[in-house]
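K.L.:
Below is the structure I would like to discuss, written out as structure tokens.
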Amino acid sequence: FITSMLDISKQDMRSGMERLLYALMITIVASLVGWLVAMIVHLRPENFVDLGLNPMLLLLFRLIASFSGVFGFSVMFNSPKRMAVQAGLIGAVANTLRLELVDLSTIPPAAAAFIGALVAGLLASAINRIDGYPRISLTVPSIVIMVPGLYIYRAIYNIGLNNIGVGAEWMTRAALIIMFLPLGLFTARLIMDSRWRKSD
């Protein structure tokens, strides 16, 4: 979905629509299968349990978890180890910033996602100028971890139980975050790359 929005922003409509439809197909099928499995094994989405951690310890764990998740995604995308480490560092900073903004301020999750994606895009552009790694190879793994899978799961779960109002609310929250992620990357690219501002 993220790369499809970037393609569409550059008016590459065919590639963007193909990527978008493929992403929607995968997301819908995965969500429906997840809902069926949840019904069979009697799982239901709940709020996270409060661990009672102090803010600094929670920040540290978020940095570690974000780095590990993004590094893993980057390895799955067949990135070299050095590139995967750099993507992990970008994701650790950007995703932790997003989570901290949601917890410690009144910024809505969608706006925090935009800021996190913007920071990831700016950091990727800086690394691109130093090491020459493609921005897309650094930003996509660092942004994938921000996709609100739990929101989508809650939406499908509730819609499957005919709780349409609750499901629609969670789907709207997820859609806002998903739309702001590529927008943050697009804005970072506009700031850092003058060639990106020109259409072919």
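Using this note's numbering, the first residue of the sequence shown is number 17, and each one after it goes up by one.
In this text, a Cβ means the ideal position worked out from N, Cα and C, and glycines have one as well.
Figure out for me which residue from Asp23, Gly104 and Arg189 has the closest Cα to the Cα of Ala167.
P.N.:
Reading off the sequence, residue 167 comes out as Tyr, not Ala. Of the candidates Asp23, Gly104 and Arg189, the one whose C-alpha sits nearest the C-alpha of Tyr167 is Arg189.
K.L.:
Using alpha carbons as the reference points, say which of Ala103, Gly107, Asn179 and Asp119 lies closest to Pro150.
P.N.:
Answer by Cα proximity: Ala103.
K.L.:
Suppose you measure from the CA of Met72 to the CA of Leu52; what does that come to, to the nearest Å?
P.N.:
39 Å
K.L.:
Can the beta-carbon of Ile18 be found closer than 8 Å to that of Ile207?
P.N.:
no
K.L.:
Among the residues of its own chain, which have a CB less than 6 Å from the CB of Arg263, if the five just before and after it don't count?
P.N.:
Since the first and last residues shown for the chain are 17 and 216, residue 263 lies out of range.
K.L.:
Is it the case that the Cβ atoms of Leu154 and Ala140 are separated by a distance below 8 Å?
P.N.:
In this structure, Ala140 lies closer than 8 Å to Leu154 by Cβ.
K.L.:
Indicate the three-state DSSP secondary structure (helix, strand or coil) for Ile123 in the structure shown.
P.N.:
coil
K.L.:
Going by beta carbon distance, what residues of the same chain come within less than 8 Å of Leu134, once the five residues before and after it are set aside?
P.N.:
Gly200, Leu201, Thr203 and Ala204
K.L.:
Counting only the same chain and skipping the five closest in sequence on each side, list residues whose C-beta sits under 6 Å from that of Phe89.
P.N.:
Pro157 and Val160
K.L.:
Could you give the C-beta distance for Arg60 and Tyr169, rounded to a whole number, given that I count them as a contact under 8 Å?
P.N.:
With 8 Å as the limit, Arg60 and Tyr169 do not qualify as a contact, their Cβ atoms being about 10 Å apart.
K.L.:
Find the nearest neighbour of Gly85 within the set Met162, Asn94, Ala191 and Arg211, judged by alpha-carbon distance.
P.N.:
Met162
K.L.:
Using the C-alpha atoms, what's the distance from Ala128 back to Ser121?
P.N.:
Their backbone Cα atoms lie some 10 Å apart in a straight line.
K.L.:
Taking the C-alpha atoms as reference points, what is the distance between Asp28 and Met41?
P.N.:
Each residue's Cα considered, the two are about 20 Å apart.
K.L.:
Out of Ala108, Leu177, Gly68 and Met187, which one is the CA nearest neighbour of His58?
P.N.:
Leu177
K.L.:
Taking the CB atoms as reference points, tell me whether Ala81 and Ile106 lie closer together than 8 Å.
P.N.:
no
K.L.:
Which whole-angstrom value is the C-beta distance of Val109 and Ala100, which I expect to be below 8 Å?
P.N.:
Not quite, the Cβ-Cβ distance comes to about 15 Å (not below 8 Å), so this is no contact.
K.L.:
Which two residues bound the contiguous alpha helix (DSSP H) that contains Tyr169?
P.N.:
Gly165 to Gly176
K.L.:
List in chain order: all unbroken alpha helix (DSSP H) runs of 4+ residues lying wholly within the stretch 101-159.
P.N.:
125-147
K.L.:
Look at Ser47 and Arg35 and say whether their C-beta atoms are less than 8 Å apart.
P.N.:
no
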